[in-house]
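Undergrad: Below you'll find the structure I mean.
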Amino acid sequence: MRFDILTIFPEMFRGPFDYGIVRRARERGLVEIVVHNLRDFTTDKHRTVDDRPFGGGEGMVFKPEPIFRAVESVLGERFDRERVAVVLLTPQGRVFTQAMARQLAQCARIVLICGRYEGVDERVAEHLATHEISIGDYVLAGGEIPAMVIVEAIVRLLPGALGCEESARRESFAEGGILDHPQYTRPADFRGLRVPDVLLSGHHAEIARWRRRMALAKTLRNRPDLLEKAVLSDEDRRVLEELRRALPKTDESR
Ligand code: ADE
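Residue numbering for the sequence shown follows this note's numbering, beginning at 605 and increasing consecutively.
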């Protein structure tokens, strides 16, 4: 797979892809990541990428020409919309999910367009991008960090990118799942904070039951929305009922 990232701040991408899973995937030849300066696709002396908004208002808007020219330069004017994704990163996009990461991981090429300023000329979203994506309901200064998030989420799904151990735990809550259970490691007593006894008991069935209960409790507290789609056993539902009854009326404290 190959990523092409279009940005006015290519220097921001020095570093984030040089560590861990993404670095290993690059070294194994599973992924190539090419960062392009959008200003290289301008034609005027000042290398202008933005202009004032038609209709008035604050701020500046990315012009369409450098973006169209950059995408056409990296992909050619015609591209296979089945195997190529052109992703515009904006807070107005569909919110990125693990399901979207899985779908995008099937592509041979992905172009990521990092917006800035007050926005990007809408003709890019309407006539060039195949996807308009936001990484969450908050506004960042630009699409660069969202692009890094998306690259990492996709690269770790590529076959061969993870070691076997990591692969087994690849998608904890991606499909009808709930959040992971808490983990502990040595020391068993850290400043008087003890690891739950059950984890030291060696009783595997008890440990599995405890972990499932804690995973349900964490999901109920932090992400109750996931429970609507989660695949739950009768025992899970019984445990959830018990946990709900034990829950304080308003638990906004954590
Ligand atoms: N640009 C600014 N905020 C963003 C967000 N939340 N997601 C994607 N791109 C953005």
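Backbone N, C-alpha and C fix where the C-beta goes; we use that ideal spot for every residue, glycine too.
May I ask whether a heavy atom of the ligand ADE can be found less than 7 Å away from the beta carbon of ILE625?
TA: In the sequence shown, residue 625 corresponds to position 21, counting from 1. Not under cutoff, so the answer is no.
Undergrad: Please report the straight-line C-alpha distance between LEU820 and GLY723, rounded to a whole angstrom.
TA: The residue you call residue 820 lines up with position 216 of the sequence shown. The residue you call residue 723 lines up with position 119 of the sequence shown. Approximately 40 Å, taken between the alpha carbons.
Undergrad: Measuring CB atoms only, is the stretch 785 to 803 touching the stretch 759 to 770, in the sense that at least three cross pairs come out at less than 8 Å?
TA: Result no; under three Cβ-Cβ pairs closer than 8 Å.
Undergrad: For a test of your reading of the model: does the CB of PRO750 fall under 7 Å from any non-hydrogen atom of the ligand PLP? Yes or no.
TA: Of the ligands this structure carries, namely the ligand ADE, none is the ligand PLP.
Undergrad: Determine the closest residue to LEU716 out of PHE700, ARG825 and VAL691, with distance taken between C-alpha atoms.
TA: Numbered from 1 along the sequence shown, position 112 holds the residue referred to as residue 716. Closest option to LEU716, Cα to Cα, is VAL691.
Undergrad: I'd like the ranges of any beta strand (DSSP E) spanning at least 3 consecutive residues and lying wholly in the stretch 638 to 724.
TA: Entirely contained in the stretch 638 to 724, the beta strand (DSSP E) runs reaching 3 residues are, in chain order, 688 to 699 and 713 to 718.
Undergrad: Measuring only from the beta carbon, is GLY747 closer than 7 Å to any heavy atom that is part of the ligand ADE?
TA: Along the sequence shown, one-based indexing puts residue 747 at 143. Yes, the ligand ADE has a heavy atom inside 7 Å of this Cβ.
Undergrad: Between ASN641, ASP684 and ARG628, which has its C-alpha nearest GLU615's C-alpha?
TA: By one-based count along the sequence shown, residue 615 stands at place 11. It is ASN641.
Undergrad: Output needed for LEU804: all residues of its chain with C-beta closer than 8 Å, excluding positions within five of it in sequence on either side, in chain order.
TA: Position 200 of the sequence shown, counted from the first residue, corresponds to residue 804. Cβ neighbours of LEU804 beyond the five flanking positions: ALA792.
Undergrad: Looking only at DSSP bridge pairs, what is VAL612 linked to?
TA: Position 8 of the sequence shown holds residue 612. Here residue 612 turns out to be Ile, not Val, going by the sequence shown. ILE612 pairs with nothing; no bridge assigned.
Undergrad: Taking DSSP as the reference, what is the three-state secondary structure of PHE607?
TA: Along the sequence shown, read from residue 1 onward, the residue named residue 607 stands at position 3. Strand at PHE607.
Undergrad: In chain order, which continuous runs of the alpha helix (DSSP H) of length 4 or greater are located wholly inside the stretch 724 to 752?
TA: The qualifying runs are 726 to 731.
Undergrad: So, with DSSP's three-state summary, where would you put LEU762?
TA: Reading the sequence shown from its first residue, position 158 is the one you call residue 762. Coil.
Undergrad: Are there three or more Cβ pairs, one per stretch, closer than 8 Å when the stretch 689 to 707 is compared with the stretch 726 to 743?
TA: Counting Cβ pairs under 8 Å, three or more are found: they touch.
Undergrad: Alpha carbon to alpha carbon, what distance is there between ARG798 and GLN710?
TA: Residue numbering aside, residue 710 sits at position 106 when the sequence shown is read from its first letter. Residue numbering aside, residue 798 sits at position 194 when the sequence shown is read from its first letter. About 44 Å.
Undergrad: Assuming ASP654 contacts VAL638 (C-beta within less than 8 Å), just tell me the rounded distance between them.
TA: For the purposes of this step, residue 654 is taken as the residue at position 50 of the sequence shown. For the purposes of this step, residue 638 is taken as the residue at position 34 of the sequence shown. Actually they do not touch by this definition, with Cβ atoms about 23 Å apart.
Undergrad: Roughly how many angstroms separate the alpha carbons of PHE613 and LEU831, rounded to a whole number?
TA: In the sequence shown, residue 613 corresponds to position 9, counting from 1. In the sequence shown, residue 831 corresponds to position 227, counting from 1. Roughly 40 Å between the two C-alpha positions.
Undergrad: Please tell me whether VAL635 and GLU756 are closer than 8 Å, where the distance is taken between their beta carbons.
TA: Residue numbering aside, residue 635 sits at position 31 when the sequence shown is read from its first letter. Residue numbering aside, residue 756 sits at position 152 when the sequence shown is read from its first letter. No, the Cβ-Cβ distance between VAL635 and GLU756 is not below 8 Å.
Undergrad: Tell me whether the beta-carbon of THR611 lies closer than 8 Å to the beta-carbon of GLU726.
TA: Here residue 611 corresponds to residue number 7 of the sequence shown, with the count starting at 1. Here residue 726 corresponds to residue number 122 of the sequence shown, with the count starting at 1. Against a cut-off of 8 Å, the Cβ pair of GLU726 and THR611 comes out as no contact.
Undergrad: Taking buried to mean at least 16 other C-beta atoms within 10 Å of its own C-beta, is ALA703 buried or exposed?
TA: Taking the sequence shown and counting its residues from 1, the one referred to as residue 703 is at position 99. The residue is exposed, with fewer than 16 neighbouring Cβ atoms inside 10 Å.
Undergrad: Relative to the ligand ADE, is the shortest distance from any of its heavy atoms to the C-beta of VAL743 smaller than 7 Å?
TA: Position 139 of the sequence shown, counting from 1, holds the residue named residue 743. Yes, since a heavy atom of the ligand ADE falls inside the 7 Å radius drawn around the Cβ of VAL743.
Undergrad: At a threshold of 7 Å, does SER677 count as lining the ligand ADE (C-beta to nearest heavy atom)?
TA: Walking along the sequence shown from the start, residue 677 turns up at place 73. Not so, every heavy atom of the ligand ADE lies at least 7 Å from the Cβ.
Undergrad: Just to check, is the beta-carbon of GLY719 closer than 7 Å to a non-hydrogen atom of the ligand ADE?
TA: Within the sequence shown, the letter at position 115 stands for residue 719. Yes - the ligand ADE has a heavy atom lying nearer than 7 Å to the Cβ of GLY719.
Undergrad: Tell me whether PRO670 is buried or exposed, calling it buried when 16 or more other Cβ atoms sit within 10 Å of its Cβ.
TA: In the sequence shown, residue 670 corresponds to position 66, counting from 1. So PRO670 ends up on the buried side.
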